[in-house]
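Numbering (my numbering), first residue to last: 3 to 370. Each residue gets a CB set at the ideal place from its N, CA and C atoms; glycine is no exception. First comes the structure, then the notes that go with it.
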């Protein structure tokens with residue numbers, strides 16, 4: 003399987019752009035349905051949502067509304083034919099017995115096109131909403147995630163009832179049917195950029211989904227994750243994330259980026275998101291948090307892919323050459339901008355050998 007292109011966080015208002023620009027993504031159901039149909043048509047490989055339960059405070063619209071990832075994924079899978087749609091599950095908020103049945107049901111609905119993004123949680127206000135306390139250390143969060151995943155996998159693989167006596171879950175006479183559509187588990191992503199998160203992915207996931215500074219430092223992170231996976235006798239791919247501003251000329255793209263991510267940036271929200279990321283998520287190093295304020299406004303700290311179609315194609319090719327297996331992208335307005343990206347950037351990626359020419363057979367120009 004070649005380099006894959008996905009879309010990240012379209013289920014949330016504003017997506018990844020922390021801005022007040024009126025053109026920003028509003029993430030209504032109709033918006034998402036329109037986007038999924040375009041993505042299915044033009045050859046995007048996957049959609050990946052964010053699980054967001056609370057907002058960022060009364061003074062910002064960033065993530066004011068967020069569609070539930072599992073319901074969202076199920077609805078989009080029912081309206082598409084080719085696309086893989088992941089759901090994001092917080093292990094602290096979803097009981098594994100319930101999650102196993104919900105995920106298997108979505109897998110049958112889509113005939114095997116649902117995927118699972120496992121997240122251990124980090125946002126303290128969300129834990130408070132659920133009447134829980136955020137563990138102060140990553141090791142505890144990922145120990146719970148490991149036990150959660152062990153239970154889910156056993157439900158999917160076991161034909162006989164079983165008991166589970168663990169640190170976090172004590173379960174009796176557990177059964178679960180249906181099993182996943184193809185008789186085995188789902189494709190699994192683990193979104194984590196801390197040491198513990200990357201180690202969890204190396205042990206459990208098909209793809210690690212991790213923040214990097216760019217292709218250069220990312221190449222070393224890819225090697226490290228793959229080496230750790232190999233030490234467990236496993237092969238794991240690596241995805242990262244980026245925000246795209248693609249226009250016919252580089253100047254147009256840079257001007258538009260300046261407009262929405264500087265002149266119209268929601269700087270108080272940027273600083274609050276960065277504060278909480280620094281305190282709890284550990285996805286970004288302190289050095290990254292200092293340097294990346296502009297990147298947070300533009301795309302929640304993800305890598306910029308800004309310029310004309312050749313610039314953007316070259317940037318994506320750099321990630322492929324660095325060893326990444328794919329990238330999840332955001333746009334200021336996903337549905338309005340994806341058609342141009344598909345028409346101009348994706349053919350250039352095929353010409354560069356980044357995307358398989360076979361992908362063109364399953365895709366068509368938007369609107370056809």
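Residue environment for residue 31: exposed (fewer than 16 other C-beta atoms within 10 angstroms of its C-beta). When the alpha-carbon of residue 115 is set against those of 86, 359, 248 and 39, the nearest one is in 86.
With the rule of 3 Cβ pairs closer than 8 Å, the stretch 196-207 counts as touching the stretch 132-150. Counting along the chain, the unbroken alpha helix (DSSP H) around residue 110 starts and ends at 98-111. Residue state for residue 210 is assigned as strand, using DSSP reduced to three classes. Secondary structure at residue 343: helix, using DSSP grouped into helix, strand and coil. For the pair residue 10 and residue 330, the CB atoms are nearer than the 7 Å cut-off. In the structure shown, residue 81 adopts coil according to DSSP, grouped into three states. Secondary structure at residue 332: strand, using DSSP grouped into helix, strand and coil. In this structure, DSSP gives residue 167 an extended state, which the three-state scheme calls strand. In summary, residue 348 is buried, with 16 or more beta-carbon neighbours lying within 10 Å of its beta-carbon over all protein chains present.
Annotation: the continuous beta strand (DSSP E) that includes residue 193 extends over 190-193.
Within its own chain, the residues whose Cβ lies closer than 7 Å to the Cβ of residue 266, once the five positions on either side in sequence are excluded, are 21, 22 and 23, listed in chain order. Between residue 247 and residue 259, the CB-CB gap stays under 7 Å. For residue 202, the closest of 92, 156, 59 and 122 by C-alpha to C-alpha distance is 122.
When the Cα atoms are used, residue 26 and residue 335 turn out to be separated by approximately 5 Å. The Cβ-Cβ distance between residue 210 and residue 238 falls below 7 Å. In the DSSP assignment, residue 238 falls outside any alpha helix (DSSP H) and carries neither an H nor an E.
Apart from sequence neighbours up to five positions away, the residues of its chain that approach residue 112 with a beta-carbon distance below 7 Å are 79, ordered along the chain.
For the pair residue 129 and residue 193, the Cα-to-Cα distance works out to about 18 Å. Taking all protein chains in view, the Cβ of residue 172 is surrounded by fewer than 16 other Cβ atoms within 10 Å, so the residue is classified as exposed. Spanning the alpha carbons of residue 241 and residue 57 requires a straight line of approximately 26 Å. One Cα belongs to residue 134, the other to residue 177, and the distance between them is close to 27 Å. Only exposed fits residue 251, as fewer than 16 other CB atoms lie within 10 angstroms of its CB. Taking residue 144 as reference, the option from 35, 205 and 301 with the minimal CA-CA separation is 205. Between residue 13 and residue 55, the beta carbon gap of about 12 Å keeps them out of contact (Cβ cut-off 8 Å). Pairing residue 64 with residue 8 gives a Cβ-Cβ distance that is not under 7 Å.
In the DSSP secondary-structure assignment, residue 48 is bridged to 8 and 86. By the Cβ neighbour-count rule, residue 276 is buried, with 16 or more other Cβ atoms within 10 Å of its own. In the DSSP assignment, residue 220 falls within the alpha helix (DSSP H) that extends over 217-233. A straight line joining the alpha-carbon of residue 184 with that of residue 191 spans about 18 Å. Beta-bridge analysis with DSSP links residue 198 to no other residue. Rounded to the nearest angstrom, the gap between the Cα atoms of residue 322 and residue 160 is 38 Å. With a threshold of 16 other beta carbon atoms within 10 Å, residue 327 meets it and is buried. Between residue 222 and residue 59 the beta-carbon gap is near 36 Å, outside 8 Å, which marks them as no contact. For residue 120, the enclosing beta strand (DSSP E) has its first and last residue at 116-121.
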